[in-house]
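Residue numbers (mature numbering (1 follows the signal peptide of the UniProt record, and there is no 0)): -21 to -1, 1 to 146. Positions of the beta carbon are idealized from the N, C-alpha and C atoms, including for glycine. The block underneath contains the structure these notes are about, expressed in structure tokens.
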């Protein structure tokens, strides 16, 4: 006997799981389309120091906003999106459709991804930023704007420095 309410619940759960799966473009910070552009108001280029901003651009694109590193960099320059020349102000992109929720511990990365949030992770002992795209076991899958890395073990991500946005 088929339990109709149970089937409806299972189908709803499957639909919700698919709704939470996002696809993100992979923007490389050294892409010839924007790599040589000035990052913020500093002497750095997007290629040299644009990993955080490029990761945020991927997050925006993943929620349907039409931004890439060049267009986001331009927008940030005109809207107080940088401090100290080229350090992104995480909360500055709220008008673009991602609300800054704060920084979370590594133990909260998976739950935030499951909730459909955009998560930007700090790796390489604090020297690099990547966009988290999913996980399996203790590995966080990423779109890495500066390297060919596709996942990082959760214990190699800088704890407490993971930026979370809600769409």
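Query - Entirely enclosed beta strand (DSSP E) segments - the region 31 to 59, minimum 3 residues - result: Taking only runs of at least 3 residues, no beta strand (DSSP E) segment lies wholly in the region 31 to 59.
Query - Residue of 85, 89, 124 minimising C-alpha distance to residue 140 - result: Taking only the C-alpha atoms, the option nearest residue 140 is 85.
Report task. Look at residue 197 and residue 71 and say whether their C-beta atoms are less than 8 Å apart. Result -> Missing from the structure shown is residue 197; the chain here goes from -21 to 146 and no further.
Query raised in the report: Would you call the region 36 to 47 and the region 59 to 67 in contact, with 3 or more CB pairs under 8 Å?
Result: Counting Cβ pairs under 8 Å, fewer than three are found: no touch.
**Report entry** Proximal residues to residue 105 (C-beta, below 6 Å), its chain only, five neighbours per side dropped
**Finding:** Here residue 105 has 137 as same chain residues with Cβ atoms under 6 Å from its own Cβ, once five neighbours each way along the sequence are excluded.
Report task. Along the beta strand (DSSP E) that carries residue 7, what are the first and last residues, could you check? Result -> For residue 7, there is no enclosing beta strand (DSSP E), since its DSSP letter is neither H nor E.
**Report entry** Buried or exposed (CB count within 10 angstroms, at least 16 for buried), residue 123
**Finding:** The Cβ neighbour count for residue 123, taken over all protein chains shown within 10 Å, is at least 16; the residue is labelled buried.
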